[in-house]
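One structure is given here, and the rest of the page talks about it.
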Amino acid sequence: MLLNINSSKYFRIALQLILAVVFLISAYSKFISPGLIEIILVDQGITASRNTAAYLVRILLAVEFAIGILYLQPFSIKKIVIPASTALLLFFTGYLFYTGFILGDKENCGCFGTLIEMSPVESIIKNVVLIILSAPLYRMIKEKKENFVIPVVALTASLVFVFAFAPIRDVKDFKFEKYKAFVGEGRVDLSGGEKLLAVFSLDCEHCRQTAKEIARLTKANKKIPPVYVLFFSEGGVSVDEFNKMTNSDFPYHMIETNEFFDLIGSTPPRIYWLSNGTIKEHWDADFEENIDKNFR
5 MLLNINSSKY
15 FRIALQLILA
25 VVFLISAYSK
35 FISPGLIEII
45 LVDQGITASR
55 NTAAYLVRIL
65 LAVEFAIGIL
75 YLQPFSIKKI
85 VIPASTALLL
95 FFTGYLFYTG
105 FILGDKENCG
115 CFGTLIEMSP
125 VESIIKNVVL
135 IILSAPLYRM
145 IKEKKENFVI
155 PVVALTASLV
165 FVFAFAPIRD
175 VKDFKFEKYK
185 AFVGEGRVDL
195 SGGEKLLAVF
205 SLDCEHCRQT
215 AKEIARLTKA
225 NKKIPPVYVL
235 FFSEGGVSVD
245 EFNKMTNSDF
255 PYHMIETNEF
265 FDLIGSTPPR
275 IYWLSNGTIK
285 EHWDADFEEN
295 IDKNFR
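Once you know that position 295 of the sequence shown is 299 in this note's numbering, the rest is easy, because the numbers rise by one and skip nothing.
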C-alpha cells in the first residue's frame, strides 16, 4: 500500500516537472528571440503591425513563464494551473491548424523559437501529448489548500520581468527590416542578436573571393555570428554556381538593382555587422581581417 502511495506521488511529481519544463523552455525560447515570433504573426496576417505583435508575444511568453513556475509549487494546480495550461494548449492547437492547414504555412511555427524548430503538425502533436499528460495529473491532485495570490503574483512578476528584460524595440527605421525570408532558412529576424549580412553580386569576382574567405572563417571559428546574404543577379551566374565556386552555402535573399546599389559602397561587396537592430559596423574591404579581429 505504501509502495503504491509513493509510486503515485512520484508519478504526480514527474508529470508536474515535465509540464513545468516544457512551458519554461517554450517561454525561454521566445524570450531569447521574440522578433522571429513577431515576424511570423505579421506574415500570417494575425496582426497588422510588428509593434502589435511585439506586445502579444511578450504577454504570451509571460503567461508561459508563469504557468511553468506554477507547476513547480503545490497551490491551485487543479483549480487554476491545469485549466489555464490546457486552455492555452487548445487555443494554440486551433491556431496551428489554421496556419498549417488553411494558410499552408509549413515553416517553423515558432513554438520554441529558434531553439527547437517545429512544423505546425509537430507542434500540434506536442500540444496533444501535453494535454494527455495533464489529464491524469488533474485526477491525482488532492488540493487541501487554495492560494489564489500565488498565481496572480507569478503572472505579475513574469510580465514585469519580460517587459523589463525583453523590451519592445522600434524597428521601423531598421535598414533591413523588410528582409524577413531567406532561402535555406525560412523566416529570419535580422534585427535580433548578432548577425553578418553580406551584399554580393553573383557575377562579381571579388564577391566570390569574399564568400570563399567567409565560408572558410565560419568553419574555423564558431564565434562568428550567422551569415546571411543579399544576392543581386545580372543573369550570368546562378546561386548554385556561385556556391560551388566559393564552397559556401549561406541563407540568401534576392534583391533588385536599386536595392543592391543602395546597400553597397563604390563597388561590391559590402558586409554589415548587425547587432540587435543596429548597424554596428560595415566593411568594404579587408573582410577576413575585420571579421577575424572582431570575433576571436
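Quick reminder that beta carbons are idealized off the backbone N, C-alpha and C, glycines included.
It should be emphasised that the depicted structure is a prediction, and the values quoted were computed from it without experimental measurement.
Give the DSSP-derived three-state secondary structure of residue i in the structure shown.
i    : result
K226 : coil
I50  : coil
Q20  : helix
R173 : coil
Y256 : strand
E26  : Inspection of the sequence shows that residue 26 is occupied by Val rather than by Glu. V26 falls in the helix class under three-state DSSP.
F152 : coil
M5   : Confidence is the limiting factor: at M5 the pLDDT is only 48, short of 50, which leaves the residue's position unreliable, though a coordinate-based value still follows. If DSSP states are grouped into helix, strand and coil, M5 belongs with coil.
A4   : It is not possible to answer for residue 4, since the shown part of the chain is limited to 5 through 300.
G39  : helix
G72  : helix
If I measure Cβ to Cβ from residue i and keep anything under 6 Å in the same chain, skipping five residues before and after, which residues do I get?
i    : result
I154 : F79
S205 : C211, F236 and P272
L76  : A24
S279 : E198
P38  : V61 and A170
T51  : L45 and A57
L258 : Looking at the sequence provided, one finds Met at residue 258 rather than Leu. Only F235 meet the Cβ criterion.
A66  : S162, L163 and V166
F264 : F236
Out of the options, point me to the one whose CA is closest to residue i's CA.
i    : options                   : result
G239 : S252, T261, Y232 and T250 : T261
A123 : Y102, K248 and E198       : The residue you asked about is not Ala; residue 123 is Ser in the sequence shown. Closest option to S123, Cα to Cα, is Y102.
R16  : I86, I275 and A70         : I86
A57  : F178, V203 and I172       : I172
E46  : S242, D109 and T250       : Before going on, a small fix: residue 46 reads as Val here, not Glu. Closest by alpha carbon: D109.
K199 : A52, L65, I295 and A70    : I295
T214 : E121, F152, A202 and T282 : A202
W189 : P230, A224 and V156       : According to the sequence displayed, residue 189 carries Glu and not Trp. Nearest option by C-alpha distance: P230.
C115 : D290, K130 and L107       : K130
F35  : Y59, Y14 and S53          : Y59
K216 : A185, F186, K248 and K227 : K248
I128 : L119, F105, T118 and A168 : F105
V340 : G98, A70, F69 and Y183    : It is not possible to answer for residue 340, since the shown part of the chain is limited to 5 through 300.
C113 : E42, F186, D253 and K227  : E42
T90  : E293, F69, L134 and E126  : L134
S138 : F167, N151 and A18        : A18
S195 : E292, L119 and W277       : W277
V125 : D290, F96, A70 and N151   : F96
I283 : I228, E181 and V156       : E181
F254 : S12, S53 and V192         : V192
The alpha helix (DSSP H) that contains residue i, what's its start and end?
i    : result
F178 : No alpha helix (DSSP H) holds F178; DSSP gives it neither H nor E.
Y142 : P124 to M144
Y99  : I86 to F101
F299 : Unbroken run through F299: none, as it is neither H nor E.
T250 : V243 to T250
E263 : T261 to L267
Can you name the start and end residues of the beta strand (DSSP E) that residue i belongs to?
i    : result
K199 : E198 to S205
L234 : V231 to F236
Near residue i, which residues of its chain fall below 8 Å by C-beta distance, leaving aside the five closest residues on each side in sequence?
i    : result
S270 : D288
I81  : Q20, L74, Y75, L141, I145 and E147
Y256 : F186, V187, G188, Y232, V233, L234, F235 and V243
Which residue or residues does DSSP assign as beta-bridge partners of residue i?
i    : result
S279 : E198 and T282
G114 : For G114, which the question treats as bridged, DSSP gives no partner whatsoever.
R274 : V203
R191 : A185
Could you name the residues of the same chain whose beta carbon sits closer than 7 Å to that of residue i, not counting the 5 residues immediately before and after it, in chain order?
i   : result
M5  : With a pLDDT of 48 at M5, under the threshold of 50, the modelled position of that residue is not reliable, and the figure given next carries that caveat. Once the five neighbours on either side are set aside, M5 has no close Cβ partner at all.
G72 : A24, F27, L28 and A31
L7  : Model confidence at L7 stands at a pLDDT of 49, short of 50, so the residue's coordinates are unreliable; what they give is reported in the following sentence. Counting only Cβ-Cβ distances below 7 Å, and skipping sequence neighbours, we find nothing.
Does at least one heavy atom of the ligand SAM sit under 7 Å from the Cβ of residue i?
i    : result
M122 : You won't find the ligand SAM in this model; it holds no ligand whatsoever.
Any beta-carbon of chain C closer than 8 Å to the one on residue i?
i    : result
I120 : Absent from the structure is chain C; it holds one protein chain and no more.
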